[in-house]
Each structure stands twice: as C-alpha cells, then as structure tokens.
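Worksheet for the structure shown next.
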Amino acid sequence: GITMALLSTDKYDEESASLAECSVSMSSLSKRSVKIALSTMAFCMGAFLILSCKVGIPFSHVSELLPVTAFSRATHRHLMRAPSRRPTALCTNDCDDAPEFVAGIRASIPLPHDTINGKVPPGIPSGALSDIVSREWHEGELFVVYAISGRQPGYRTPIHVHPRPQTVCILEGTVLSIVEGRNDTMHFAGDCYVMPALTKMVNYNVGNVSYKDHDIFRVPAGETDWVVIEPGQLHMQSEEFDQTTQTQAKKVSLTGLQQYFASVSATGMSKDDKLDGIVQRFADNAVLVRPDGTRLVGHKGVKQFYGQESPALKLDGFKLSVNNGTMSFSENGRTIAVEILMPLPDKKTSPISVFFTFDPSGKIVFKRIYAWPQPEDDQATKAL
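Quick note on my numbering: the sequence shown kicks off at 41 and runs consecutively.
In structure tokens, the structure reads:
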C-alpha cells in the first residue's frame, strides 16, 4: 500500500522507499499502530476509488491526500521534509554541474564514438542556430520546442546522444537520420520522428536547401538537451541549443558597434578619409535622429551630421568609450542602448545616451541620440 501510494505520486525512489519503510517500522510504531495505519490506508484507498468512479475525483489526487491520512502527523512532516533527488534549481544546459552530467553520459556510451553502425557518417559536422518557440516547466521538467535552422546542404550534426527520447519535426528540406542499430531513414518536410535515448545518431542534410525543424524536447532539471560524443567535435556541445539567432544577432551588432567606435576614433588620416570611414559604417538607407528629433536620411544625411555637427572631426585625438556596465540589448539582438563617454574641449568628457540598430551585416540602420552636453561656450559639442 505504501509503495502504491509513492508510485502514484511519480516520486518513488530509494530514498522515499527507505523513509516509508522506517516510518512504519516496529521501532517507531507498535503492532497495533501498524494495523491501524494499514487498515486506515485500505479504507481510504477504497473510499477514494469509489469517489473517483462515482463522483469524478481524479485518482491522481489520491496521492495528495493519502499520506496525511495514512501516517501520523509527525511521520508525514518527516516525509515532506525528506531531501529530494531532483535539483532545486530549474536549469538544464546552463546548470553549474551540466559539464559533469555531460561527462557522465559520454562515459556511459560504448566506444567507438566516431562511428555509427561501424562507419564514419557522411557530411561535415556543424552547429546550427536555435530559437525557443515555446517552453514550460512542469514538476521539475522543461517541456520546450526549439526552431532549428542554419545547417547547410552537405552538413550534419556531430555524433551525439539524447539522454531522453526526443521528437523532431522537419519543416523544410530533407534529412537523412543515421542511428546506431537502425537502418538509415530519409525524412522530408512534414515528417516527425522520435530520436531514441542514449543512442548514437546524426541528422545529415542531404537536400539542396538549409533544413529547418522543430525539436520537441522534455528535459528534466539538471540534464542537457543532448550530449555530443564525436571526438574532435566536443566543442559543439554548446553550439546548438545555446546558440540562438538572438545570440548571433547580438554578436553581429556588437561587432558593428565596435567597428563604429574604431571609425569615429581613428587617427593618423585625413578628415575626408575619416569621414568616409564613418559613413561606411552606416547602411545606405540609414536614419540618424538628432536629440531635437530631426531625421537625417541615408549616407548624405550621415555625412552632413558628422562633417558639420559632430566633434569627431573637430577635436584632435577624439576617442569614444562605452560604459559596458549599462549596455543593454533588445530581445532580437539588433538594437543596443549604450552610454558613451564623449570627449569635450579642454580635455573634459560627458556621458551621452545613444541607441543603435544594426542590420544582419552589422551596419547601422538607425541611430537615435537621446542626450548630449551643451556647454555654453562650445555649441559644436552638442552632438555625438
């Protein structure tokens, strides 16, 4: 009866079993108490089964009520305080002990790790991009849907395993699934299939376009989505489900920002060359908004602003620096809000607030200046 109650909660393990056995042992309860406890449990089980059938109370709710009825209050409190084997932190790939979990899974997979069904899989191993479509934590498990993209024709996943069975649905392209102990299987757009647990496998793009799919995963807290085992490719462990398009966009935008800083802070060249270098950091259709709301459009507007208004070409040794502590990104990674320390005459500086938006190539498509200093004796420093 106690075992049934524990199993019905889906929390049965050695710790719980040992604790339950101790709670009704002869050292803690008399024979009479044991009989009363078991009789009460049997009565309650029967009553709840009747209620489940006649009244409509779900049987799964029995486990929520039964321990209070079956055990003494002290014993029940002891059970509720029992340590859980499940991690308290709701994390998966980013858990502090994720590397230990990955190492343990790798060690459990029989060698060799560079072949599947005795052969080296065709294709070039590569990472991909992933976005989270939907996610929900439930009872210590993450249910998540990833949108996977970016793996080009002729490329494949590294040899890997999934700690749990997982589902993949192909949205675009053609994929050859190569799995240890199974025949190779071709999957097309609209196909869904289950990837087995702890089994060597790869997905190989055999189509003529970059394939896209939805990975539908169930990942208990403390575990990872997958474990890369292919020698020479272990660095890809974090290059699939942690490498999102947002992450990639942030990298591109940050690179664009750094290139912009380098252009406006450049020295050792003519003013015309420096101005051309600044203008090239902007897209052809860029929009620059001054603090007063005036919009300057395209390379012509950018050239006008930096050639006539900005101190970048007027102060010797002009150099910008950013406050990394206050930098922030938009959700899609394309826009960066920064506080910039701008040089002023007489070796003074002043913080300025600016928003930059970048295109996929890292060029500025929108720049909005929100604050700037206005020294009474130098109106030339009114803009960045």
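The C-beta atom is built at its ideal place from N, Cα and C for all residues, glycine as well.
{"query": "Residues bridged to residue 251 [DSSP beta-bridge criterion]", "result": "191"}
{"query": "Residue 389 to residue 288 span [Cα, whole Å]", "result": "33 Å"}
{"query": "Same chain, Cβ closer than 6 Å to residue 174, neighbours up to 5 away in sequence not counted", "result": "185"}
{"query": "Own chain residues within Cβ distance below 7 Å of residue 191, not counting five before or after", "result": "166, 168, 245, 250 and 251"}
{"query": "Bridge-paired residues (DSSP) for residue 339", "result": "Beta-bridge pairing links residue 339 to no other residue."}
{"query": "From 204, 193, 360 and 306, residue whose alpha carbon lies closest to that of residue 262", "result": "204"}
{"query": "Delimiting residues of the beta strand (DSSP E) encompassing residue 175", "result": "169-178"}
{"query": "Where residue 164 sits in the DSSP three-state scheme", "result": "strand"}
{"query": "Reference residue 176, options 339, 386, 335 and 258, closest by Cα", "result": "258"}
{"query": "For residue 224, three-class secondary structure by DSSP", "result": "coil"}
{"query": "Proximity winner among 221, 387 and 360, relative to residue 378 (alpha-carbon distances)", "result": "360"}
{"query": "The stretch 201-217 / the stretch 228-238 touching (three or more Cβ pairs under 8 Å)", "result": "yes"}
{"query": "Other residues of its chain near residue 243: CB distance less than 7 Å, five sequence neighbours each side excluded", "result": "196, 197, 215 and 217"}
{"query": "Of the listed residues 329, 383, 340 and 369, nearest to residue 355 (C-alpha basis)", "result": "383"}
{"query": "Sub-7 Å separation of residue 398 and residue 296 beta-carbons", "result": "yes"}
{"query": "Residue 328 vs residue 407 beta-carbon contact at 7 Å", "result": "yes"}
{"query": "Among 347, 170, 194 and 130, the one whose alpha carbon lies nearest that of residue 372", "result": "170"}
{"query": "For residue 339 and residue 357, the rounded distance between their alpha carbons", "result": "24 Å"}
{"query": "Residues that residue 23 bridges to, as DSSP identifies them", "result": "Shown here, the chain extends from 41 to 424; a query on residue 23 therefore has no answer."}
{"query": "Minimum C-alpha distance to residue 26 - residue among 193, 224, 155 and 223", "result": "The chain is shown from 41 up to 424; residue 26 falls before or after that span and cannot be answered."}
{"query": "Distance, residue 145 Cα to residue 227 Cα", "result": "27 Å"}
{"query": "Sequence-distant residues of the same chain with beta carbon closer than 6 Å to residue 318, five excluded per side", "result": "303, 304 and 346"}
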